[in-house]
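So the structure is just underneath, and the comments pick up after that.
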Amino acid sequence: MAEGEKYRKERLDRGIKARSDTIYVLASSRDLLYLLMPRALPVALLILLPILLHGTYWEKVLFYSCIFGLLALSWDFMNSVGLVSLGQALFFGAGAYFAGALNHYLGWPIFLTIPAGTIGGALICTALLVPVVRLRGVYFSIVTLILPLLFAHLIETLEILGGTHGLLSLSAYPSGWIAIYLAVGALLLALFGFRKILDEDFGMILRGIRDDDRVVMAAGVNIYWYKAQSIFLAAAVGSFAGALMTHYYQFVGRSVLALDYTILPLAAVVLGGPGSFAGAALGSFILVPLSEALRAMGGLRMALYGLILIGALAALPEGIFHYLQRRYHQFERMVKV
Amino acid sequence: MTEDVILEVRRLTKTFGGIMAVCDVSLEVRRGEFVGIIGPNGSGKTTLINLITGFVKPTSGKVLYKGQDITGKPPYEIACLGIARTFQMARTLHKLPAFKNLIVPLCSPRVRKFRGGKYGERDDIAIDILDDLGFERDSFVPYKIAGTLPHGYLKRLDLARCIALRPELLILDELFSGMAMSEVAATLPMLEKFHREGLTIIMVEHRLRELFRVANRVMVMNFGQKIADGPPQKVMEMEEVQKAYLGTEVEE
Chain A
1 MAEGEKYRKE RLDRGIKARS DTIYVLASSR DLLYLLMPRA LPVALLILLP ILLHGTYWEK
61 VLFYSCIFGL LALSWDFMNS VGLVSLGQAL FFGAGAYFAG ALNHYLGWPI FLTIPAGTIG
121 GALICTALLV PVVRLRGVYF SIVTLILPLL FAHLIETLEI LGGTHGLLSL SAYPSGWIAI
181 YLAVGALLLA LFGFRKILDE DFGMILRGIR DDDRVVMAAG VNIYWYKAQS IFLAAAVGSF
241 AGALMTHYYQ FVGRSVLALD YTILPLAAVV LGGPGSFAGA ALGSFILVPL SEALRAMGGL
301 RMALYGLILI GALAALPEGI FHYLQRRYHQ FERMVKV
Chain B
1001 MTEDVILEVR RLTKTFGGIM AVCDVSLEVR RGEFVGIIGP NGSGKTTLIN LITGFVKPTS
1061 GKVLYKGQDI TGKPPYEIAC LGIARTFQMA RTLHKLPAFK NLIVPLCSPR VRKFRGGKYG
1121 ERDDIAIDIL DDLGFERDSF VPYKIAGTLP HGYLKRLDLA RCIALRPELL ILDELFSGMA
1181 MSEVAATLPM LEKFHREGLT IIMVEHRLRE LFRVANRVMV MNFGQKIADG PPQKVMEMEE
1241 VQKAYLGTEV EE
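Protein chains in written order, with our numbering: chain A, 1 to 337; chain B, 1001 to 1252.
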């Protein structure tokens, strides 16, 4: 650049015949690939990873990433309806205990406890949160934060559901492949399912409630009914993750209601970028392996983990996914002012 | 009470703490009327609308719609009965494309009752409604994100949301405020058209010249009370109204 001349950055959309939410006019296979690859590549990678990592320690990390990915998706879905949750642990714990109890007390097999835990856990969570859907913003968040802690204390003091010891020696998966592919499959289903829901008319109402719930009410739509439905969907995804994890550990205890299952998914969404679901999944696939890789650091692990998280947020406040998406769809060049 | 009274407000009162926002207001609107509500700022016009549409619960009094008591019902139920309202500050769903704003009323139980409509079909209906209200389809205005549209469009988008609900009673809260003269001139005939087609309209407005062109009755409010009700010319001749609305002359 010559001295004295000022330049500024200009962003331009990459040339493609048509790119919009509703219109698909594709000119060539190149355009088709351009739109398809960002979706197809991660899906293919996720399906292949269990095979590549089979038998290694990282297989377990992949499983955890999927579990936290599910919780992050569940958070992102509630957030897109304007419900800021601080209680993903409630969903996780409800599913985990529901499946664990059915298996431990009634002897139900895995292929029944997981669906039952998903539906049952989601119903319990919805019933608990429906009375407070009228609360907005931080008031709703506080209730979701308290509920899992409340249940952890109830289990401890009343010594129900195994009390402090938890429920031990639950059924294991017949094969490790089932567990890992259930997790991967559920993650993909939730990811693309939530994206699809938010693009449909039903999703327009949900996004509308987030934008301005009074407008939605003035348009004759019962916002509380729609909020309850979204809580059920989000809770089902969280409960499924819980039920899956219960049988993976063959144990369920108060730790499933711990703050970890609230904070880590939230950090994953913020790191990956909220609102797109892909960001939530991406965030968990960065944070969980990162926290494992830092295990060698010993005591400094959590401190370093925190520093990396803060650094990433400061550098890319929009979220990694939105940054990547922008770089993919636009190119930058310098133009003279 | 005759059968063609569509809305009856009976001695409605609302206090916020010690402040009387609306005080003992009664109003009868017959089907097919075009009623204007005027009054100085803070005289309780918007609160009256909020009370009728269920956004604020009254301290005392009753609202009857087609003879049915709707006092204290939630806003979405009242909207589904056929009372649509716009907001003073043009509230829209600003992150959605303009036409997707109309998907919400088109999904409401009220509109579903009239016609089925699948995903995609509603988009066409929404764009048709917007095109009629001056969102030029050919220049892709309905597809733009609502938050990026100029203020005048937002006001009309608010109106379009009401029209999509197929209301029987339309309540407009300062629709023209913040609109350019050309936009007002374009919107006024639309309102006249809706009125001719049988829609009952209540309009809160500060732009009196435009209001008096279309309204056949005007109610004046001041300090939460109704101080006059009648044909526009007669009402404006009343000394009390001139005092409240235009202010008293300053003695020199």
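Using N, Cα and C, we set each Cβ at its ideal position, and we do this for glycine too.
Residue-level contact to chain B via CB, asparagine 222 (chain A), 9 Å cutoff: Chain B, which has a Cβ nearer than 9 Å to the Cβ of asparagine 222 (chain A), makes this yes.
Nearest-angstrom Cα separation, counted from valine 288 (chain A) out to arginine 327 (chain A): Cα-Cα distance, rounded: 25 Å.
Closer than 8 Å at the beta carbon, the chain B residues around arginine 195 (chain A): Under the 8 Å cutoff, chain B gives no residues; its nearest Cβ is about 15 Å from arginine 195 (chain A).
Amino acids of chain B, ordered along the chain, whose beta-carbon sits closer than 9 Å to that of arginine 214 (chain A): At a C-beta separation below 9 Å, arginine 214 (chain A) has these neighbours in chain B: Phe1055, Pro1075, Phe1087, Arg1091.
is_contact[glycine 273 (chain A), chain B] using C-beta, thresh 9 Å: Chain B, which has no Cβ nearer than 9 Å to the Cβ of glycine 273 (chain A), makes this no.
Beta-carbon proximity check, proline 109 (chain A) vs serine 171 (chain A), cutoff 9 Å: With contacts defined by Cβ atoms closer than 9 Å, proline 109 (chain A) and serine 171 (chain A) form a contacting pair.
Range covered by the beta strand (DSSP E) that runs through lysine 1155 (chain B): No beta strand (DSSP E) contains lysine 1155 (chain B), which is instead part of the alpha helix (DSSP H) from 1151 to 1164.
9 Å Cβ cutoff met for valine 1220 (chain B) and leucine 1172 (chain B): No, these two residues do not count as a Cβ contact at 9 Å.
Rounded separation between glycine 275 (chain A) and aspartate 199 (chain A) - CA only: In this structure, the straight-line span from the alpha carbon of glycine 275 (chain A) to that of aspartate 199 (chain A) is close to 12 Å.
Limits of the unbroken beta strand (DSSP E) element including valine 1220 (chain B): Start and end: 1217 to 1222.
9 Å Cβ cutoff, aspartate 201 (chain A) in contact with chain B: Answer yes: the Cβ-Cβ gap between aspartate 201 (chain A) and chain B drops below 9 Å somewhere.
Straight-line gap, alanine 293 (chain A) to alanine 312 (chain A) (C-alpha atoms, nearest Å): Alanine 293 (chain A) and alanine 312 (chain A): Cα-Cα distance of roughly 17 Å.
Of the residues B:Phe1223, B:Arg1207, B:Arg1217, B:Ala1244, the one placed nearest proline 1232 (chain B), counting alpha carbons only: Per the Cα distances, B:Arg1217.
Proximity below 9 Å, CB of glutamate 94 (chain A) to CB of isoleucine 67 (chain A): The question names glutamate, yet the displayed sequence has alanine at residue 94 (chain A). 9 Å or more divides the Cβ of alanine 94 (chain A) from the Cβ of isoleucine 67 (chain A).
Neighbour list for serine 1139 (chain B) in chain A, Cβ cutoff strictly below 8 Å: The contacting residues do not exist; serine 1139 (chain B) stays about 15 Å from chain A at best.
Residues bridged to glutamate 1077 (chain B) [DSSP beta-bridge criterion]: DSSP lists no partner for glutamate 1077 (chain B).
Range covered by the beta strand (DSSP E) that runs through glutamine 325 (chain A): Secondary structure note for glutamine 325 (chain A): it is in no beta strand (DSSP E), and the uninterrupted alpha helix (DSSP H) holding it is 320 to 329.
The ligand COA heavy atom lying under 8 Å from the CB of leucine 158 (chain A): This structure lacks the ligand COA, and indeed carries no ligand of any kind.
Contacting residues, own chain, Cβ-Cβ under 7 Å from glutamate 156 (chain A) (five flanking each side not counted): Annotation for glutamate 156 (chain A): Gly163, Thr164, Arg254 place their beta carbon closer than 7 Å to its own, counting only its chain and skipping 5 residues before and after.
Burial state of isoleucine 1019 (chain B) (16 or more Cβ within 10 Å): By the neighbour-count rule (16 or more Cβ atoms within 10 Å), isoleucine 1019 (chain B) is not buried but exposed.
Paired residues, beta bridge with proline 1097 (chain B) - DSSP: Answer is B:Ile1145.
Amino acids of chain A, ordered along the chain, whose beta-carbon sits closer than 9 Å to that of leucine 1165 (chain B): Contact note: leucine 1165 (chain B) reaches chain A through Ala218, Ala219, Gly220, using a C-beta cutoff of 9 Å and chain order.
CB of proline 1075 (chain B) within 9 Å of CB of arginine 8 (chain A), strictly: Annotated as distal: proline 1075 (chain B) and arginine 8 (chain A), with beta-carbon spacing of 9 Å or more.
Contact with chain A by histidine 1094 (chain B), beta-carbon distance below 9 Å: Yes, histidine 1094 (chain B) lies at the interface with chain A (some Cβ there is under 9 Å from its Cβ).
Beta carbon proximity, lysine 1100 (chain B) to chain A, threshold 9 Å: Cβ-Cβ to chain A under 9 Å: yes for lysine 1100 (chain B).
Rounded separation between alanine 1244 (chain B) and alanine 1228 (chain B) - CA only: Answer to the nearest angstrom: the Cα atoms are 11 Å apart.
Contacts of valine 1104 (chain B) in chain A (Cβ-Cβ under 7 Å): Within chain A, the residues near valine 1104 (chain B) are Met204, Ile205, Gly208, Val216, Ala219, Val221.
N-terminal and C-terminal residue of the alpha helix (DSSP H) that isoleucine 1127 (chain B) is part of: Segment 1121 to 1132, the alpha helix (DSSP H) holding isoleucine 1127 (chain B).
Residues bridged to arginine 1010 (chain B) (per DSSP): Partner residues in the beta bridge of arginine 1010 (chain B), as assigned by DSSP, are B:Lys1062.
Candidates A:Leu161, A:Arg210, A:Ala40, A:Gly117: closest to tyrosine 105 (chain A) by CA position: With distances taken between Cα atoms, tyrosine 105 (chain A) lies closest to A:Leu161.
For valine 1241 (chain B) and valine 1235 (chain B), the rounded distance between their alpha carbons: Going by the C-alpha atoms only, they are around 7 Å apart.
Limits of the unbroken alpha helix (DSSP H) element including aspartate 212 (chain A): From DSSP, aspartate 212 (chain A) is part of no alpha helix (DSSP H); its letter is neither H nor E.
Pairwise C-alpha distance: lysine 1100 (chain B) and alanine 18 (chain A): No answer about alanine 18 (chain A) holds up, because its pLDDT of 49 lies below 50 and its placement is not dependable.
Residues near leucine 304 (chain A) in its chain [Cβ-Cβ closer than 7 Å; skip 5 each side]: Residues of the same chain with a CB within less than 7 Å of the CB of leucine 304 (chain A), apart from the 5 flanking positions on each side, are Leu294, Met297 in chain order.
Buried versus exposed call for alanine 1054 (chain B) [16 or more other C-beta atoms within 10 Å across all chains shown]: Contrary to the premise, residue 1054 (chain B) reads as glycine rather than alanine in this sequence. Glycine 1054 (chain B) should be labelled buried.
Distance between beta carbons of methionine 204 (chain A) and leucine 1096 (chain B), contact taken as under 8 Å: Between methionine 204 (chain A) and leucine 1096 (chain B) the Cβ distance is about 6 Å, and since that is below 8 Å, they are a contact.
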